[in-house]
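A quick write-up on the structure given underneath.
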Ligand SMILES: NC(=O)c1ccc[n+]([C@@H]2O[C@H](COP(=O)([O-])OP(=O)(O)OC[C@H]3O[C@@H](n4cnc5c(N)ncnc54)[C@H](OP(=O)(O)O)[C@@H]3O)[C@@H](O)[C@H]2O)c1
């Protein structure tokens with residue numbers, strides 16, 4: 001999509017940029033103004049000088065939507081601190097003066113103009129809507145889309161990436177896997193062109209925290225209780241401890257790393273709620289630790305065939321990991337992913353997999369990547 005060029009004489013102080021450069025306005029619409037969307041808005045404000053200096057972009061927020069408030073639009077751009085103050089005070093965003101309003105995000109997204117949609121309304125790993133419709137609409141209208149909505153990406157990432165290509169825009173979803181820890185950009189950009197043969201990792205911080213506590217002697221109920229008191233686990237912890245959240249991430253990894261749509265029923269899933277102190281002790285006696293391990297790759301017999309379109313094998317299950325294996329030492333709420341390719345062999349990315357600034361950082365990084373590539377056009 002063409003972004004308007006303004007201010008050929010705008011001067012920015014970024015090192016290496018020289019004195020004069022083109023500053024591109026980027027109009028951002030944020031759908032879902034909760035933990036992730038709200039953090040992104042704050043980062044766009046706090047990092048505006050960085051965006052100008054490093055990406056040559058002047059980002060304004062021209063649309064914002066929540067379920068409660070509908071879609072609000074202001075062509076001249078919202079005053080971001082005012083939006084954030086309204087949200088922090090739990091006041092309706094409709095109190096913002098002078099904004100146009102549509103009943104739903106879909107209506108607003110269809111009837112207003114923006115260059116990038118940041119979508120963070122999806123809250124369940126196995127539910128694609130409402131995020132999927134928002135994302136589709138944005139891409140079909142020829143706008144770039146960044147999202148943290150896992151369920152939509154798990155269900156349709158391959159289709160959405162194709163739709164983005166068809167419309168000549170970018171679709172990015174960094175924060176859906178390991179949150180702000182950059183694994184998808186490692187796959188897409190860092191390892192560009194390499195043939196990914198397998199990925200293996202620990203992709204849920206809550207489950208990993210519980211297993212870490214169990215390794216130090218707690219039983220499952222006590223470890224879960226600790227995770228809930230710290231706010232790591234929901235009152236209903238099923239998505240985290242039974243592996244549903246990870247299944248969504250595996251499906252996204254299949255799309256981004258292997259270009260394949262992985263059906264839900266093709267993922268073998270076992271959670272950690274049945275792990276006993278005896279299982280943990282047995283693993284320790286064998287110089288191992290139990291981890292909820294995710295593996296995704298070609299079936300053994302397909303390896304080395306050179307073709308990337310054999311069915312994938314995907315498993316999420318508790319495994320006794322030997323202490324010599326790096327994954328055995330990834331503790332607490334940390335996540336890790338080892339990517340095996342035909343060129344650089346194995347690359348491991350380790351980092352936190354949840355939290356407001358992590359989810360927001362993932363979306364911010366995607367926004368910055370789009371801003372940078374737009375600046376090069
Ligand atoms: N928080 C994290 O640590 C984290 C990390 C990685 C990925 N993510 C993912 O990011 C997504 C958002 O998470 P979150 O923590 O930011 O959730 P959240 O705090 O619950 O915020 C969700 C936001 O989406 C809005 N929303 C829901 N349905 C909508 C609709 N139909 N139209 C417009 N807005 C709608 C909500 O509005 P109302 O308040 O009016 O309902 C709210 O503003 C989830 O998919 C999550 O898995 C989160």
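In our numbering, the protein residues as written are 1 to 377. Beta carbons: idealized from backbone N, C-alpha and C, even for Gly. Note that the structure is predicted; figures quoted are calculated from it, not measured.
Beta-bridge partners of residue i, as assigned by DSSP
i: residue 288; result: 322
i: residue 313; result: 297
i: residue 178; result: DSSP lists no partner for residue 178.
i: residue 241; result: Answer is none; residue 241 lacks a bridge partner.
i: residue 26; result: 59
i: residue 329; result: Bridge partners of residue 329: none, in fact.
i: residue 31; result: 65, 119
i: residue 101; result: 72
i: residue 348; result: 338
i: residue 172; result: 146
Cβ-Cβ distance between residue i and residue j below 7 Å
i: residue 177; j: residue 249; result: yes
i: residue 332; j: residue 209; result: yes
i: residue 121; j: residue 362; result: no
i: residue 51; j: residue 59; result: yes
i: residue 351; j: residue 181; result: yes
i: residue 41; j: residue 359; result: no
i: residue 143; j: residue 117; result: yes
i: residue 205; j: residue 126; result: no
i: residue 163; j: residue 187; result: no
i: residue 146; j: residue 341; result: no
i: residue 247; j: residue 229; result: no
i: residue 135; j: residue 371; result: no
i: residue 319; j: residue 328; result: no
i: residue 128; j: residue 105; result: no
i: residue 71; j: residue 102; result: yes
i: residue 296; j: residue 253; result: yes
i: residue 80; j: residue 45; result: yes
i: residue 262; j: residue 191; result: no
i: residue 152; j: residue 132; result: yes
i: residue 349; j: residue 183; result: yes
i: residue 29; j: residue 96; result: no
i: residue 223; j: residue 214; result: yes
i: residue 343; j: residue 194; result: yes
i: residue 272; j: residue 316; result: no
i: residue 86; j: residue 93; result: yes
i: residue 201; j: residue 294; result: yes
i: residue 179; j: residue 53; result: no
i: residue 375; j: residue 56; result: yes
i: residue 381; j: residue 172; result: This structure cannot settle anything about residue 381, because the visible part of the chain is limited to 1 through 377.
i: residue 347; j: residue 339; result: yes
i: residue 119; j: residue 62; result: no
i: residue 108; j: residue 148; result: no
i: residue 267; j: residue 314; result: yes
Start and end residues, alpha helix (DSSP H) containing residue i
i: residue 42; result: 35–46
i: residue 380; result: The chain is shown from 1 up to 377; residue 380 falls before or after that span and cannot be answered.
i: residue 214; result: 205–215
i: residue 88; result: 80–88
i: residue 70; result: Where residue 70 is concerned, there is no enclosing alpha helix (DSSP H), although the beta strand (DSSP E) it sits in stretches over 70–73.
i: residue 134; result: 131–140
i: residue 370; result: 356–375
i: residue 111; result: 105–111
i: residue 221; result: 220–229
i: residue 262; result: Here residue 262 belongs to no alpha helix (DSSP H), and DSSP marks it neither H nor E.
i: residue 158; result: 150–166
Start and end residues, beta strand (DSSP E) containing residue i
i: residue 63; result: 57–66
i: residue 267; result: 267–269
i: residue 337; result: 334–341
i: residue 200; result: 196–202
i: residue 77; result: Careful: residue 77 lies outside any beta strand (DSSP E) and carries neither H nor E.
i: residue 144; result: 144–147
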